[in-house]
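What follows is a single structure, written as C-alpha cells, with notes after it.
There are 2 protein chains.
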Amino acid sequence: MRKINIGLLGLGQIGTGLYEILTSKKAFFERKLGVSFEIVRIAEKFPNRKRKVHPPKGIMTRDALSVVRDPSVDIVVELIGGTTAARAVIKEALKEGKHVVTANKALLAEYGDEIFELAHAMRRWVCFEASVGGGIPCIKALREGLAANNIESIYAIINGTTNYILTQMTETGMGFSEALAGAQAKGYAEADPTLDIQGIDAAHKLAILVRFAFSGRVRFKDIYSEGIAQISSDDIAFAKEFGYVIKLLAIAKKTADGVEARVQPTLLPKSHILANVNQSFNAILLRGDETGDVMLYGRGAGAHPTASAIVADLVDIAKGSMEGPVDDASVIRALGSRVTVKSITSILSRYYLRFYVIDKPSVLAAITKILGAHQVSISDVIQRERSAGKVVPLILLTHEAPEKNVRAAIRVIDRLAFVKGKSQVIRMEET
Amino acid sequence: MRKINIGLLGLGQIGTGLYEILTSKKAFFERKLGVSFEIVRIAEKFPNRKRKVHPPKGIMTRDALSVVRDPSVDIVVELIGGTTAARAVIKEALKEGKHVVTANKALLAEYGDEIFELAHAMRRWVCFEASVGGGIPCIKALREGLAANNIESIYAIINGTTNYILTQMTETGMGFSEALAGAQAKGYAEADPTLDIQGIDAAHKLAILVRFAFSGRVRFKDIYSEGIAQISSDDIAFAKEFGYVIKLLAIAKKTADGVEARVQPTLLPKSHILANVNQSFNAILLRGDETGDVMLYGRGAGAHPTASAIVADLVDIAKGSMEGPVDDASVIRALGSRVTVKSITSILSRYYLRFYVIDKPSVLAAITKILGAHQVSISDVIQRERSAGKVVPLILLTHEAPEKNVRAAIRVIDRLAFVKGKSQVIRMEET
Numbered sequence: 001m002r003k004i005n006i007g008l009l010g011l012g013q014i015g016t017g018l019y020e021i022l023t024s025k026k027a028f029f030e031r032k033l034g035v036s037f038e039i040v041r042i043a044e045k046f047p048n049r050k051r052k053v054h055p056p057k058g059i060m061t062r063d064a065l066s067v068v069r070d071p072s073v074d075i076v077v078e079l080i081g082g083t084t085a086a087r088a089v090i091k092e093a094l095k096e097g098k099h100v101v102t103a104n105k106a107l108l109a110e111y112g113d114e115i116f117e118l119a120h121a122m123r124r125w126v127c128f129e130a131s132v133g134g135g136i137p138c139i140k141a142l143r144e145g146l147a148a149n150n151i152e153s154i155y156a157i158i159n160g161t162t163n164y165i166l167t168q169m170t171e172t173g174m175g176f177s178e179a180l181a182g183a184q185a186k187g188y189a190e191a192d193p194t195l196d197i198q199g200i201d202a203a204h205k206l207a208i209l210v211r212f213a214f215s216g217r218v219r220f221k222d223i224y225s226e227g228i229a230q231i232s233s234d235d236i237a238f239a240k241e242f243g244y245v246i247k248l249l250a251i252a253k254k255t256a257d258g259v260e261a262r263v264q265p266t267l268l269p270k271s272h273i274l275a276n277v278n279q280s281f282n283a284i285l286l287r288g289d290e291t292g293d294v295m296l297y298g299r300g301a302g303a304h305p306t307a308s309a310i311v312a313d314l315v316d317i318a319k320g321s322m323e324g325p326v327d328d329a330s331v332i333r334a335l336g337s338r339v340t341v342k343s344i345t346s347i348l349s350r351y352y353l354r355f356y357v358i359d360k361p362s363v364l365a366a367i368t369k370i371l372g373a374h375q376v377s378i379s380d381v382i383q384r385e386r387s388a389g390k391v392v393p394l395i396l397l398t399h400e401a402p403e404k405n406v407r408a409a410i411r412v413i414d415r416l417a418f419v420k421g422k423s424q425v426i427r428m429e430e431t
Numbered sequence: 432m433r434k435i436n437i438g439l440l441g442l443g444q445i446g447t448g449l450y451e452i453l454t455s456k457k458a459f460f461e462r463k464l465g466v467s468f469e470i471v472r473i474a475e476k477f478p479n480r481k482r483k484v485h486p487p488k489g490i491m492t493r494d495a496l497s498v499v500r501d502p503s504v505d506i507v508v509e510l511i512g513g514t515t516a517a518r519a520v521i522k523e524a525l526k527e528g529k530h531v532v533t534a535n536k537a538l539l540a541e542y543g544d545e546i547f548e549l550a551h552a553m554r555r556w557v558c559f560e561a562s563v564g565g566g567i568p569c570i571k572a573l574r575e576g577l578a579a580n581n582i583e584s585i586y587a588i589i590n591g592t593t594n595y596i597l598t599q600m601t602e603t604g605m606g607f608s609e610a611l612a613g614a615q616a617k618g619y620a621e622a623d624p625t626l627d628i629q630g631i632d633a634a635h636k637l638a639i640l641v642r643f644a645f646s647g648r649v650r651f652k653d654i655y656s657e658g659i660a661q662i663s664s665d666d667i668a669f670a671k672e673f674g675y676v677i678k679l680l681a682i683a684k685k686t687a688d689g690v691e692a693r694v695q696p697t698l699l700p701k702s703h704i705l706a707n708v709n710q711s712f713n714a715i716l717l718r719g720d721e722t723g724d725v726m727l728y729g730r731g732a733g734a735h736p737t738a739s740a741i742v743a744d745l746v747d748i749a750k751g752s753m754e755g756p757v758d759d760a761s762v763i764r765a766l767g768s769r770v771t772v773k774s775i776t777s778i779l780s781r782y783y784l785r786f787y788v789i790d791k792p793s794v795l796a797a798i799t800k801i802l803g804a805h806q807v808s809i810s811d812v813i814q815r816e817r818s819a820g821k822v823v824p825l826i827l828l829t830h831e832a833p834e835k836n837v838r839a840a841i842r843v844i845d846r847l848a849f850v851k852g853k854s855q856v857i858r859m860e861e862t
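Heads up: the protein sequence lines correspond to chains A and B, in order.
Our numbering applies: residue 1 is where the first sequence begins, and numbers increase by one.
Our numbering applies: residue 432 is where the second sequence begins, and numbers increase by one.
Right under this line is the structure:
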C-alpha cells in the first residue's frame, strides 16, 4: 500500500471538501486504488473560523511555508488562490522537491511559464485538473485521452456564474441585473462578480487549455475577453427568433495565420450541443483531428466536484512515479515556442448587430449601405414594430466578415442621427 | 526515448486507421509524448485485400499466434473481433508477457472475468478504451478522472447506429424500416444490423462500464436488452407531444436492493442533456457522489476516432510501467464480488403505454381501471381523434410503478375486445 502524506494549503470551501473526501473515504481509496492518503499538515490563515471539519489542532498552522518545507509532506495541495502568496509557496514547494496539486487558474494563466519550468527543472509534478471545469476531467482528456490528436479548436462554457445568469435571462426573460442579483442570492455569483462577469475567470481557464492543446507558452494578456453585462433581454429574445441562444464561450482555434483565443458572448444555433448546456453547468468541446468533436460536461464549481478533481490528481501522482514524472513531454512541449494569438481585430466572424433607430423608410437602406461599403454583407434582418417616428430595434445578422471592418462600420453607424444609443455587436459561431 | 514495438492483429477498418495514425504521426508522438511507436508485426486473415495502407510485406502474416509469440513485440493490439480467435490470442499474448490493447466489447463483456484474471496474474495491462464510446475517453474518466467517486448511475447512448436511426425518425417522421435502410445506405448500419438494433452491442458496452463503475464481476446474460425495431413513428410523435424524445439508453444504477442494468428505448424529457445527443454521436453520463453528473460526448465509432482511443491506451502503457501495472487495484476490484443485477421484472419505472382501441366512451375507463387494479396510476393521457367506432391511438403515461404490475396489467388489457394489436410499452427516465 502506497502511503502519501499531503500538506494542504487553505481550508476554505474546496479545502474543506477535500478534507471531507480524504477522511471519509480513506478506506475506499485504500481498497479501490491501493493508495493511503493522509493530510499531515494544514496551513490556514484563519484556523479558528467555524467550519464543517475539525482537523487535529496539532496539524494546523498559519504558516504555509512551514508546510511546504515539512520533510514528511509528499504532495502540497495549494488552495490559497490569488497570484501572490500562492505563487511563492508553490515555487518553494517545488524547490523542496514536493509535488504540487493546485486549483489556481489565475496563477497558472499568468505565471504558468515559471511554474511549469520550475516543475520541469525539479522533475516534480504540477497537477491542475481542478483549475478548469471543476469536477470535469477535461485536462486528463486533453493531455491523455486525446493524446493521438492535434487539437484544432476548443469551444467551452467554463464559467458557471455567467452560464447561470444567461440561462435565467433566457428562460425567464429577466434582465442582466436582476439575473445577477438572483445568482448572488443563490450563491452562484460572488458579492464582487467582476472576474466572472467580465470573462476574466473564463480567460484564465482558456489560457491553461490553450497551453496544453496547442503546446506552447501563452501570454495571458493576449487572450481577449468580453463579458456579459451588456447583454440585454432584447438580445436574447431576438437571438431566439433567429434560432440562436447566447452563451459566454471561451474559444480557441488554429487558423492558417495563428491561433485565435478569446472569451466572448456568442450566438450559438440552438441545436448546437453547447447551446443545451444550462444553469451553472460547464462543458468543454475539444475538436481533435482524429476524434472529431469530443465534449465533456459537468459541474464546473462547488467544493466536492472540485475536490474530486484534486483527488484524481493525487491518485495520478501516487500511481505514477513519486520520484518524479516518468515522462513530462507534455509539460516540456507546453513550454515550447510561444503560441501566437491573433489580435481580436484581425479575426473573421459572423455578427449579430442590434441598433435602436428612429423608424423611417430610409434607415435600413442607410445602415446596410454603410455595412456594404465596409464589405460586411447581411444574411438576416428583423425589423419588428412599424411605428413611424418612434425608436424601434433593428437586428441584422451578417455573413462572415473581418472584425476590423465591422468595427469601422459601427463607428460610422453610431454617428448617424437616427441611430439612438450604442449599437450592440455579438459574434456568432456555427460549429 | 521509449521505443514500443506493436503487434497488430487485424488490418480492417480500425486497424488501418491505427496504422495510418502511428505511421503518419510518428514524429508527433516522439516529440509530444516522448514515445516511439513501431508496428513490427501484423496478422491479417486477408493480407492481399485492397486497402488504404501498404505495410511492408515482411511484417505481414496470416498467423496471429506467431505475432503474439514474437519476442520483439511489446504490446499486442487485438482488432480481430468476435469471441473465439480473439479470446485465444489475447490469452496467449498475456501468457507470453505481452500487454494487450483491445476494442473488443463482446469479448470483454462475455469473457471479462477470465481475461482480467489472467492479466492480473501475469501483471500485464489489458486496456480497452476503444471498446466503449469509440474516440470518447470515457473509460479513463470512469477509472481515473472520477477516481474519488462512488458511481451512482450510468445513462449512456453507446450505439451510434440506433441513435442515428432514432434521430432520423424524430427529425423526418419516417418509420423504422425506412430509417434503417437509410442508415445502411450511409454506412451507419451494417448489412446485418441485428447486434445494434436489438441493443446487444450497447449491452456489451454497458457490461464493461458496470464492471468498472460498480467494481465487480458482471454476468453478461444478467443485462436485459430491448431493441428499437418496435418503435413506431407514432410513438416518437406522441412522445414529442408530451415533451419527450425516444433514445436507446444503456442504464445502470445502484438501488437499495441491487444494481439495475439494462438497454432499452427510453422516453427522456427533451431538455435532458442526453436528449440532445443526435445522429451517430454517443454520450456517457456518469453520476458520481462527489461530482454529480459528468457527461462525455463524441463519435462512438469510425476508424480514426476508435484508433485514437487505442493510441491513448498505448501511450498510457508506454508512460506507465512496461514491466507491468504499478497498481492494478481497479482491475482487482473489478474482479471482486459479483455485481447483483436485479431482474427486469423487479424494477420500478415510469411507462409510456400506447394502445390502439376502438373509439367508444367506456374504453379509457376500462383500461385505467385495469391499470389501477394493478397499482399502476396514470399521470398523462392523449386521446387524439374522436371518431366513434374507428380504431384510434390512446396514449397513457404512468407514475412510477413496478414493472411486473405493468406487465400483468398489459396482459389483461391486450385481451380486451376493443384493443387492437399489441400494446406498446416504453420506459421513461426523468433524470
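The beta carbon of each residue, even a glycine, is placed where N, CA and C say it ideally should be.
This structure is a prediction, so every number in the text was calculated from the model and none was measured.
Segment contact flag, the segment 215-224 of chain A with the segment 337-357 of chain A, C-beta cutoff 8 Å, min 3 pairs: Between the segment 215-224 of chain A and the segment 337-357 of chain A there are three or more C-beta pairs closer than 8 Å, enough to call the two in contact.
Between the CA atoms of T514 (chain B) and D744 (chain B) - distance to the nearest angstrom: For this step, residue 744 (chain B) is matched to residue 313 along the second sequence. For this step, residue 514 (chain B) is matched to residue 83 along the second sequence. For the pair D744 (chain B) and T514 (chain B), the Cα-to-Cα distance works out to about 21 Å.
Under 7 Å by beta carbon: chain A residues contacting N580 (chain B): What you label residue 580 (chain B) is simply residue 149 of the second sequence in a count that begins at 1. Within 7 Å Cβ-Cβ: S308.
Beta-carbon proximity of L267 (chain A) to Y297 (chain A), cut-off 8 Å: Position 267 of the first sequence, counted from the start, is the residue given in the question as residue 267 (chain A). Position 297 of the first sequence, counted from the start, is the residue given in the question as residue 297 (chain A). The beta carbons of L267 (chain A) and Y297 (chain A) sit no closer together than 8 Å.
R433 (chain B) and A644 (chain B) closer than 8 Å at C-beta: If you number the second sequence from 1, residue 433 (chain B) lands on position 2. If you number the second sequence from 1, residue 644 (chain B) lands on position 213. Going by C-beta atoms, R433 (chain B) is not nearer than 8 Å to A644 (chain B).
Cβ pair E560 (chain B), A740 (chain B) closer than 8 Å: Reading the second sequence from its first residue, position 129 is the one you call residue 560 (chain B). Reading the second sequence from its first residue, position 309 is the one you call residue 740 (chain B). A Cβ-Cβ contact shorter than 8 Å links E560 (chain B) with A740 (chain B).
Own chain, CB closer than 8 Å to L779 (chain B), minus 5 neighbours either side, in chain order: As a working note, residue 779 (chain B) is residue 348 in the second sequence. If we look at L779 (chain B) and ignore the five residues flanking it on each side, its Cβ neighbours are E831, A832, P833, E834.
Chain B residues whose Cβ lies nearer than 8 Å to that of R407 (chain A): Position 407 of the first sequence, counted from the start, is the residue given in the question as residue 407 (chain A). Simply none; closest approach about 34 Å.
Distance, V471 (chain B) Cα to T492 (chain B) Cα: To locate residue 492 (chain B), count along the second sequence from 1; it is residue 61. To locate residue 471 (chain B), count along the second sequence from 1; it is residue 40. Straight-line spacing of the CA atoms in T492 (chain B) and V471 (chain B) works out to 11 Å.
Minimum length 3: unbroken beta strand (DSSP E) runs contained in the segment 284-348 of chain A: Qualifying beta strand (DSSP E) stretches, in chain order: 292-299.
F468 (chain B) versus A64 (chain A): straight-line alpha-carbon distance, rounded: The sequence position of residue 468 (chain B) within the second sequence is 37, counting from 1. The sequence position of residue 64 (chain A) within the first sequence is 64, counting from 1. Between F468 (chain B) and A64 (chain A), the C-alpha separation is close to 44 Å.
Sequence-distant residues of its chain with Cβ nearer than 8 Å to T23 (chain A) (five each side left out): Translated into positions along the first sequence, residue 23 (chain A) becomes position 23. So the qualifying residues of the chain are I39, V53.
Alpha helix (DSSP H) runs contained entirely in the segment 218-267 of chain A, provided each spans 4 or more residues: DSSP runs (the alpha helix (DSSP H)) wholly in the segment 218-267 of chain A: 233-241.
Any chain E beta carbon closer than 8 Å to M295 (chain A): No chain E is part of this structure, whose protein chains are labelled A and B.
Per-residue DSSP class, three states only, for N580 (chain B): As a working note, residue 580 (chain B) is residue 149 in the second sequence. Of the three classes helix, strand and coil, the one that applies to N580 (chain B) here is coil, per DSSP.
Entirely enclosed alpha helix (DSSP H) segments - the segment 347-419 of chain A, minimum 4 residues: Within the segment 347-419 of chain A, the complete alpha helix (DSSP H) runs of at least 4 residues are 363-373, 403-413.
Those residues which DSSP pairs with Q855 (chain B) across a bridge: Taking the first residue of the second sequence as 1, we reach residue 855 (chain B) at position 424. Residue pairing by DSSP places Q855 (chain B) opposite B:R785 in a beta bridge.
Between the CA atoms of H805 (chain B) and R838 (chain B) - distance to the nearest angstrom: Your numbering for residue 838 (chain B) matches position 407 in the second sequence. Your numbering for residue 805 (chain B) matches position 374 in the second sequence. C-alpha separation (whole angstroms): 9 Å.
contact_flag[the segment 131-139 of chain A, the segment 177-191 of chain A] where n(CB pairs < 8 Å) is 3 or more: In short, these stretches do not touch, since the Cβ pair count stays below three.
C-beta atoms of K140 (chain A) and E545 (chain B) nearer than 8 Å: Against the first sequence, residue 140 (chain A) aligns to sequence position 140. Against the second sequence, residue 545 (chain B) aligns to sequence position 114. Remark: C-beta atoms of K140 (chain A) and E545 (chain B) do not approach each other more closely than 8 Å.
Collapsed DSSP secondary structure at Y619 (chain B) in the structure displayed: Indexing the second sequence from 1 puts residue 619 (chain B) at position 188. In this structure, Y619 (chain B) counts as coil in the three-state DSSP scheme.
8 Å Cβ cut-off: residues of chain A touching D747 (chain B): As a first step, residue 747 (chain B) must be located in the second sequence, where it is residue number 316. What D747 (chain B) touches in chain A: E144.
Residue-chain proximity (A141 (chain A), chain B), Cβ-Cβ < 8 Å: Walking along the first sequence from the start, residue 141 (chain A) turns up at place 141. Interface residue, yes.
Cβ neighbours of G227 (chain A) in the same chain (closer than 6 Å, five flanking residues each side left out): Working through the first sequence from its first residue, we reach residue 227 (chain A) at position 227. The residues are I197, Q198, G199.
Three-state secondary structure assigned by DSSP to N479 (chain B): On the second sequence, position 48 is the one that residue 479 (chain B) refers to. Coil at N479 (chain B), not helix or strand.
Where the segment 547-571 of chain B meets chain A: residues whose CB sits under 7 Å from a CB there: Contacts with chain A (Cβ-Cβ distance below 7 Å) from the segment 547-571 of chain B involve G566, I567, P568, K571, listed in chain order.
Element boundaries [alpha helix (DSSP H), containing L22 (chain A)]: For the purposes of this step, residue 22 (chain A) is taken as residue 22 along the first sequence, with counting starting at 1. Taken as a continuous stretch (DSSP letters only), the alpha helix (DSSP H) holding L22 (chain A) covers 13-24.
Neighbour flag for K3 (chain A) against chain B, beta carbons, 8 Å: Locating residue 3 (chain A) in the first sequence gives position 3, counting from the first residue. No, K3 (chain A) does not count as interfacial toward chain B.
Buried versus exposed call for A185 (chain A) [16 or more other C-beta atoms within 10 Å across all chains shown]: By 1-based counting over the first sequence, the position of residue 185 (chain A) is 185. Residue environment: A185 (chain A) is assigned as exposed (fewer than 16 neighbouring CB atoms within 10 Å of its CB, all protein chains considered).
Close-in-space but distant-in-sequence residues of the same chain around R217 (chain A) (CB under 6 Å, 5 per side omitted): Against the first sequence, residue 217 (chain A) aligns to sequence position 217. Residues of the same chain with a CB within less than 6 Å of the CB of R217 (chain A), apart from the 5 flanking positions on each side, are D113, R338 in chain order.
Contacts that P736 (chain B) makes with chain A (C-beta to C-beta distance below 7 Å): As a first step, residue 736 (chain B) must be located in the second sequence, where it is residue number 305. Under the 7 Å cutoff, chain A gives E290, T291, G292.
Endpoints, the alpha helix (DSSP H) within which H120 (chain A) is located: Sequence index remark: in the first sequence, residue 120 (chain A) carries index 120 (1-based). 105-122 is the extent of the alpha helix (DSSP H) around H120 (chain A).
Short CB-CB distance (under 8 Å) between L79 (chain A) and chain B: The count along the first sequence starts at 1 and reaches residue 79 (chain A) at position 79. The beta-carbon of L79 (chain A) is placed no less than 8 Å from the nearest beta-carbon of chain B.
Reduced DSSP secondary structure (H/G/I, E/B, other) of L510 (chain B): Here residue 510 (chain B) refers to the residue found at position 79 when the second sequence is read from its first residue. L510 (chain B) falls in the coil class under three-state DSSP.
Alpha carbon of A534 (chain B) to alpha carbon of I284 (chain A), nearest angstrom: Reading the second sequence from its first residue, position 103 is the one you call residue 534 (chain B). Reading the first sequence from its first residue, position 284 is the one you call residue 284 (chain A). In this structure, the alpha-carbon of A534 (chain B) lies about 26 Å from that of I284 (chain A).
Beta-carbon proximity of V690 (chain B) to V641 (chain B), cut-off 8 Å: Numbered from its first residue, the second sequence carries residue 690 (chain B) at position 259. Numbered from its first residue, the second sequence carries residue 641 (chain B) at position 210. In this structure, V641 (chain B) lies closer than 8 Å to V690 (chain B) by Cβ.
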